[in-house]
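**Q** First the structure, then my questions, so here it is.
Protein chains: 2
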Amino acid sequence: MADHPITPRATDYAQWYQDVIAQGELAEAAEVVKGCMVVRPHGWAIWEKMQADLDRRFKETGHQNAAFPLLIPQSFIAKEAQHVEGFAPELAVVTHAGGKQLEEPYVIRPTSETIIGHFFAKWIQSHRDLPLLINQWVNVMRWELRTRLFLRTGEFWWQEGHTAHATHSEAREEVARMLDVYRDFARDVMAMPVVRGIKTANERFAGALETRTIEALMQDGKALQSGTSHDLGQNFGRAFDVMFQNTDGVREYVWQTSWGASTRLVGALIMTHSDDEGLVLPPRLAPIHVAIVPIYKSDDERVAVLECAAKVAAELRSDGLSVKLDDRDGIKPGAKYYEWERKGVPLRLEIGPRDVAAGTVMAKRRVARIDERGKAVKEPLKLDGIGLAVGQILDDFQAMLLERAQDRLAKSILEVDTWDEFSAAFAGNESRFVLAHWDGTTATELAIKEATRATIRCLPYEGDIPGKGSLVGAGQCIKTGAPSPQRVLFAKNY
Amino acid sequence: MADHPITPRATDYAQWYQDVIAQGELAEAAEVVKGCMVVRPHGWAIWEKMQADLDRRFKETGHQNAAFPLLIPQSFIAKEAQHVEGFAPELAVVTHAGGKQLEEPYVIRPTSETIIGHFFAKWIQSHRDLPLLINQWVNVMRWELRTRLFLRTGEFWWQEGHTAHATHSEAREEVARMLDVYRDFARDVMAMPVVRGIKTANERFAGALETRTIEALMQDGKALQSGTSHDLGQNFGRAFDVMFQNTDGVREYVWQTSWGASTRLVGALIMTHSDDEGLVLPPRLAPIHVAIVPIYKSDDERVAVLECAAKVAAELRSDGLSVKLDDRDGIKPGAKYYEWERKGVPLRLEIGPRDVAAGTVMAKRRVARIDERGKAVKEPLKLDGIGLAVGQILDDFQAMLLERAQDRLAKSILEVDTWDEFSAAFAGNESRFVLAHWDGTTATELAIKEATRATIRCLPYEGDIPGKGSLVGAGQCIKTGAPSPQRVLFAKNY
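Those protein sequence lines, which keep their order, are chains D and R.
All residue numbers for the first sequence refer to my numbering, where the first residue is 1 and numbers rise by one.
All residue numbers for the second sequence refer to my numbering, where the first residue is 1001 and numbers rise by one.
Here is the structure:
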């Protein structure tokens, strides 16, 4: 791999993204299974870290995991009119099993509102059974023609939360709460700032009354929808007869929500932090925090250096860090540096004979400060107290990645009031986060998309747009000139 | 649910098993998805604890997790002759996707040797790429007609380890190592003793040279295969052209293994420890370790008791225990006891006003000692130092469950030398672990099964049969009288 350098972002962003994934050994196209992917160990380890953190947040907010069937009777999908319209074109269908044709085909779940609605109807009788707060971590399948690793594949992995409530206001609180869980996770763990907001009717989940979203800015100016939370109203309750007896003894349909985040978060992570040297990982999601590379020539040096390196590794591990001591023979230190850089390891420690003698190691951050001579800064660390120093560097590194991404977001955002400015912002391959007025109609939304490929990402939450005041305020639609009550967020998107 | 008592084991063992699952709210038949199940939150929480412990053991032995596609091109299954013969009758087939008929159908993975073989061929070039040690945690599907919750369902959840090695002896070491991981997990976490052994050709994994197994004894005397580890030889290497250049520069096929354990372990757990009052869980797999039930009449009592209960809960939680403080109003203590018993919570603490005054709580183990008057013993514990006392009780409880199961195993095992004794051991619904001589032929194995429904569970490891010496030694086949070099283990099985 070392002979195939990573394509610079400025040369070909899409190729850069593929190169980062290939050289970081994160995933690859399955090829023999159309549109599907294999997630390789380094990529899956990142997803496992995401899962562990999100799962803790879901449990802290009272949710329990369960597992519902992969297969859904085809007729179930049709029970909610908008749902079937949205998902029917993407379904994979099982028609034969056990050597026979099935009486009714099954579809592989594209999402599980329908099958879960069926079981909620069995489990819920009384207001005492509510709220019912369920999540599952599963694979789902949506047959896609234009796929891209992690961002859009036939099979992907996700969690889907499904909850039932006695009142609409409780359900709406849940929708907002779980969107905030996604926002907190993105910011505090992925070091990725997001804008929360409400989707337009056109971009809403098929079968929802309202969809909320977190939208992240990628380095090429495009938006990536990173998590959604849906107010399903009583739509699936009606379709699957999910009723409860309220405190007055009256039977009512439950109010439901669903919310999901998927392996596309790995794609978001890559496009938020990585650079022309490859993958960059925030420490909180890095499968390996520290790579230690011993440097030696003679056998005597080797013994002394490896002894010291092993001590450092042991101390860092006792602090709960994941450490790779790269003691492979026959590979030069430079090749090792290169490999761990491409795998996004946040911190490298180099230990040579002079370091051992001086009681120091040389530390190199994956994204280092560049000095006045244009060289990446390395930092000498004392062996004495190295655990504390490394911990501090990793904390700083996590904070730096977030700040850098926040700066990029703040600089991207543009308020525009004319169609010329708007078109210019999306000329050619350009994209950024643009706040503009819109007349509220799907027709205009689609006309804008047709003209510029920019879509309405959301009606943003007040305060989620850094450096901007209120978005509410009368204006005129950028495209039609019709009145508009607030600015909405436009961008090209993944 | 409280109005439907659990059927006693002695009355109807199969119904007892279903009742324990239903009343413990572990799982239910999906019904609308033939042969499949929903794993409910309490059941899934047990599986998550199993996953966490096994996953740690896999990682400690050098394995990495990844994710391979759910769908496998149908032609892949046919590439290994024995594999397709074993799995073809159980496949679910996707023939349509994205609104079109597929050129080549896909099957939903029944196991992943074939698709993983395809990728191993891409990833492995040199001896430096070996060993390759991969695992995945996934759902798989085998279309089954006669299903039973957790034990045999169309869809189930499992892990499948897949490894490639440069030599057969390394692969065989891996097979034995992972079987021992399963044995250790069963014994030390599930409190379930098992017998390790080698499967006969007839019971071998389709495509393997050799299959090793751990077999557990259920309370009804039947065996439950609880984990298997396969020496695949070069069979899949040849079928998928998985080759490496050895240290002499010669290209060779790799030697592969695979090994798996599934959600049927939850069924094994139920049938090892549970009783006529419902689920019994070993503390190391209990989603809730301690249920605290406050007892009060007046409001004043309620305040004092709940304050004390909250303190106890906080102290136990600070020790890392999972505690349910059942402060629900309007439900009598007796009903709460009943509920947590059926859910298998290892320890219940009762706190009433007199306990608060005396600085004690009353502890009741899920399986308690019975006193001379036939009553289950409750133990008073001092509030001062309660964390230590509860920790000790839970350790004792874990050890007691293992000892009880080991006793049952030792008492079950019977060495027989005549067909009359053998038939008697398996008369009617009877089963136990029977050691007997067998002539080594599949014909005799099948004839014995036909006559008694007993199958050869394995050729046991020396030393895994408690209280017995060596199993090796000449004898005569129980059925044909032909010579036999060692006794093998028979039982009816799930």
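Note that CB positions come from ideal geometry on N, CA and C, so glycine has one too.
In this text the structure is predicted, and so the values were computed from the model without any measurement.
Could you list which residues in chain D have their beta carbon closer than 7 Å to that of R:H1118, in chain order?
**A** V32
**Q** At 7 Å on the CB atoms, spell out the chain R contacts of D:T455, in chain order.
**A** Within chain R, no residue comes near D:T455; the closest Cβ sits about 23 Å away, beyond 7 Å.
**Q** Quick test of the definition: if touching needs 3 or more C-beta pairs under 8 Å, does the stretch 1476-1488 of chain R touch the stretch 1436-1450 of chain R?
**A** yes
**Q** Rounded to the nearest angstrom, how far is the Cβ of R:I1456 from that of R:V1416, given a contact under 8 Å?
**A** Wrong, their Cβ atoms sit about 14 Å apart, outside the cutoff.
**Q** Could you tell me how far apart the beta carbons of D:G154 and D:C36 are, in whole angstroms, since I believe they sit closer than 8 Å?
**A** 5 Å
**Q** Given this structure, state the Cα-to-Cα distance separating R:E1174 from D:G62, to the nearest angstrom.
**A** 41 Å
**Q** Which two residues bound the contiguous beta strand (DSSP E) that contains R:R1212?
**A** Annotation for R:R1212: the continuous beta strand (DSSP E) segment containing it runs E1210 to L1217.
**Q** Going by other Cβ atoms of all chains shown within 10 Å of its Cβ, with 16 needed for buried, is D:E85 buried or exposed?
**A** Exposed, since its Cβ has fewer than 16 Cβ neighbours within 10 Å.
**Q** Can you list the beta strand (DSSP E) stretches of 3 or more residues lying completely in the stretch 411-449 of chain D, in chain order?
**A** Runs of the beta strand (DSSP E) inside the stretch 411-449 of chain D: 434-437.
**Q** Whose Cβ in chain D lies nearer than 9 Å to the Cβ of R:W1044?
**A** Q64, N65, A66, A67 and Q136
**Q** Tell me which same chain residues have a C-beta within less than 8 Å of the C-beta of R:F1119, skipping the five on either side of it?
**A** Here the set comprises F1068.
**Q** What's the C-alpha gap between D:K518 and D:L232?
**A** For chain D, the structure presents residues 1 to 494; residue 518 of chain D sits outside this window and is missing.
**Q** Could you work out which residues of chain R lie near D:A92, taking near to mean beta carbons separated by less than 7 Å?
**A** V1094 and A1097
**Q** Indicate the three-state DSSP secondary structure (helix, strand or coil) for R:G1099 in the structure shown.
**A** coil
**Q** For D:P287 and D:S484, I'd like the C-alpha separation in whole angstroms.
**A** Distance between the alpha carbons of D:P287 and D:S484: 47 Å.
**Q** Mapping the DSSP letters down to three states, classify R:Q1125 as helix, strand or coil.
**A** coil
**Q** Note down, in chain order, each residue of its chain lying with its Cβ closer than 7 Å to the Cβ of R:L1279, except the 5 sequence neighbours on either side.
**A** V1020, G1024, I1270, R1342, K1343 and G1344
**Q** Just list the residues that DSSP pairs R:I1072 with in beta bridges.
**A** R:V1107
**Q** Run through DSSP, which three-state label would D:Q225 get?
**A** strand
**Q** Along chain A, which residues have their Cβ under 8 Å away from the Cβ of R:E1155?
**A** Structure shown: chain A not included; protein chains present are D and R.
**Q** What first and last residue would you give for the beta strand (DSSP E) that runs through R:R1348?
**A** L1347 to I1351
**Q** May I ask you to report which of helix, strand or coil DSSP gives D:W143?
**A** coil
**Q** Compare the beta carbon distance of D:P282 and D:V181 with 9 Å and say whether it is the shorter of the two.
**A** No. Outside cutoff.
**Q** Apart from the five residues on each side of it in sequence, which residues of its chain come closer than 7 Å, Cβ to Cβ, to D:R9?
**A** W16, Q219 and D276
**Q** Might you give, ordered along the chain, the residues of its own chain that have their beta carbon closer than 8 Å to the beta carbon of D:S75, omitting 5 neighbours on each side?
**A** E104
**Q** Identify, in the order they occur along the chain, each residue of the same chain with its Cβ nearer than 7 Å to the Cβ of R:A1002, setting aside the five sequence neighbours on each side.
**A** Its pLDDT being 48, under 50, R:A1002 is placed unreliably in this model, and the value from its coordinates should be taken loosely. A1335 and Y1338, listed in sequence order.
**Q** Could you check what DSSP says for R:K1492 in three-state terms: helix, strand or coil?
**A** coil
**Q** Work out the CA separation of R:A1027 and R:I1331 for me, nearest whole Å.
**A** For R:I1331 and R:A1027, the distance between alpha carbons rounds to 25 Å.
**Q** Under 7 Å Cβ-Cβ, which residues of chain R neighbour D:W143?
**A** A1097 and G1098
**Q** Check the Cβ of D:Y106 against every Cβ in chain R and list those closer than 9 Å, keeping chain order.
**A** Here the neighbours are V1033, K1034 and A1092.
**Q** On a CA-only basis, which of D:K382, D:Q406 and D:R369 is nearest D:V361? Give me that one, please.
**A** D:K382
**Q** Does the CB of D:F58 have a neighbour CB from chain R at under 9 Å?
**A** no
**Q** Between which residues of its own chain and D:A239 is the CB-CB distance below 7 Å, once the five residues before and five after are set aside?
**A** K79, E80 and G117
**Q** Could you compute how far the alpha carbon of D:I115 sits from the alpha carbon of R:L1070?
**A** Distance between the alpha carbons of D:I115 and R:L1070 is about 19 Å.
**Q** Between the Cα of D:H42 and those of R:V1290, R:D1053, R:A1052 and R:Q1064, spot the shortest distance and give me the residue it belongs to.
**A** R:Q1064
**Q** Below 7 Å on C-beta distance, what does R:V1345 contact in chain D?
**A** Within chain D, no residue comes near R:V1345; the closest Cβ sits about 16 Å away, beyond 7 Å.
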